[in-house]
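Residue numbers (my numbering): 107 to 524.
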Ligand SMILES: C[S@@+](CC[C@H](N)C(=O)[O-])C[C@H]1O[C@@H](n2cnc3c(N)ncnc32)[C@H](O)[C@@H]1O
């Protein structure tokens, strides 16, 4: 690691060192609360706010001691060296003492104890997950702290899943088919995406298996217009496009210009196109045309179902965000409902595992709209909920997603069309 440490702040040329640094950063984020607890047991008084860099450096050392195979001598000397690089000579002695003491006392068995800090979630979030999933909360929190699989979605416009798996075998890359999505492949060992065969040629996209289930739930007819209302960066848009035919048309809308650029780049890489529009989907007049046969609303949410992929979410999210997000989700639903044709279907999706953003939003929506009813099939994956279906993080190796398909009653006939 010496090269990596001495060049801190500059580029890190060796990919293995880069991977090591990334593992430390993600590891500290995933285990922040328990590592901080370990640290406070090792020092007499907390570090000052202005020494947050030293705090994080020691956490990184503790993470390496607890979870990685870093040799003890290298672990201590490299972290001491990093403090010197930060021009905090005074901290060298402290880091040396703390890490040596930790290694000596070898508190590794703390890993197994289910203390509060071992869950590594803010208390409000752990409590909310426990309340919503009383039988599953511990496995959810554990999954949030684990490494997610690298899951791909094969582009059938380029090749079949079997053909892609054969290409991987030829390159000695171990991979298996996803269980529930007919389009997915799981790469067994972490591999840089761009080094996988066919990335630049658009042979696949990176997408968790749960997100791939959206296509199966929506089950689009071979004709009809589709509005993807919160589309960027285009994971679901491109998946739908891969399976549409010429009778279908798709408009992809998002309010975020930068994310829309990513959508456009993804379309280009995969060799496909559709109409795109930067607009706020809560503004009815911002979206051209009406009477869409299918609408996808994969809107803003707490992302509590994908914490294993984005461990920093637990730090960014506040308890007060949840109610605000639910209000926004209901507002989006209500606006988009006016754009749906009679007998049309709207698929509501979140990557949240909180009822407040899922069943509760749909419940409020159904109460306010007598021409709406849910229309979910009995799928073999996830959990059935009152108004939809939920996958939980880690279960069947998938992320946590919620789906609710809502059908619009044909007002002229005053009854629900089959
Ligand atoms: C969960 S992400 C969508 C992911 C996307 N469907 C995919 O599969 O790649 C939510 C998106 O909603 C967009 N968004 C949030 N509020 C919006 C609004 N009022 N109108 C349109 N888009 C909105 C965000 O910019 C963000 O790109």
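For glycine and all other residues, C-beta sits at the position ideal for the given N, C-alpha and C.
Excluding five sequence positions before and after residue 181, the CB atoms of its chain that fall closer than 7 Å to its own CB belong to 167, 170, 171, 205, given in chain order.
Assignment of beta-bridge partners to residue 260 by DSSP yields 310.
Between the C-alpha atoms of residue 512 and residue 327 there is a straight-line separation of about 16 Å.
Not a single heavy atom of ligand 1 lies less than 8 Å from the C-beta of residue 380. Contact annotation: residue 331 and residue 399 have beta-carbon atoms nearer than 9 Å. Here DSSP, grouped into helix, strand and coil, assigns residue 424 to coil. In this structure, the C-beta of residue 236 stays at least 8 Å away from each heavy atom of ligand 1.
The shortest C-alpha to C-alpha distance from residue 445 to any of 395, 411, 430 is the one to 395. Annotation for residue 383: 359 place their beta carbon closer than 6 Å to its own, counting only its chain and skipping 5 residues before and after. Per DSSP, the unbroken alpha helix (DSSP H) holding residue 470 starts and ends at 465-474. Residue 361 is positioned such that its CB atom lies no closer than 9 Å to that of residue 404. In the three-state reduction of the DSSP assignment, residue 137 falls in the coil class, being assigned neither a helical nor a strand state.
The beta-bridge partner set that DSSP reports for residue 330 consists of 354.
Distance from the CA of residue 424 to the CA of residue 278, rounded to the nearest whole angstrom, comes to 44 Å.
When C-beta atoms of the stretch 257-264 are compared with those of the stretch 285-295, three or more pairs fall below 8 Å, so the two segments count as touching.
Cβ-Cβ distances below 6 Å link residue 378 to 347 in the same chain, with the five nearest sequence neighbours on each side left out; the list follows chain order. Judged by DSSP secondary structure, residue 447 falls within the beta strand (DSSP E) whose first and last residues are 446-456. Rounded to whole angstroms, the separation of the alpha carbons of residue 196 and residue 160 is 10 Å.
Taking all protein chains shown into account, residue 349 has fewer than 16 neighbouring C-beta atoms within 10 Å of its C-beta and is therefore exposed. As the crow flies, the alpha-carbon of residue 386 is around 7 Å from that of residue 392.
Between residue 434 and residue 469, the gap from beta carbon to beta carbon reaches 9 Å or more.
For residue 146, the number of other beta carbons within 10 angstroms of its own is below 16, and it is reported as exposed. Residue environment for residue 390: exposed (fewer than 16 other C-beta atoms within 10 angstroms of its C-beta). Secondary structure in the stretch 361-413: the alpha helix (DSSP H) runs of 4 residues or longer, each lying completely within the stretch, are 363-376 in chain order. With contacts defined as CB atoms closer than 9 Å, residue 162 and residue 134 qualify as a contacting pair. In chain order, 204, 207, 208 place their CB closer than 7 Å to the CB of residue 148, counting only its own chain and leaving out the 5 sequence neighbours on each side.
Judged by the Cβ position, residue 259 fails to qualify as a neighbour of ligand 1 at the 8 Å threshold, every heavy atom of the ligand being at least this far. Counted as a single uninterrupted DSSP element, the stretch harbouring residue 511 is not any alpha helix (DSSP H) but the beta strand (DSSP E) occupying residues 508-514. Judged by beta-carbon spacing, residue 343 lies within the 9 Å limit of residue 369, meaning their Cβ atoms are closer than that value.
Around the beta carbon of residue 414, 16 or more other beta carbons sit within 10 angstroms, so the residue counts as buried.
Annotation for residue 317: the continuous alpha helix (DSSP H) segment containing it runs 315-324.
In the structure shown, residue 480 adopts extended strand secondary structure according to DSSP, grouped into three states. DSSP places residue 155 outside any beta strand (DSSP E), giving it a letter other than H or E.
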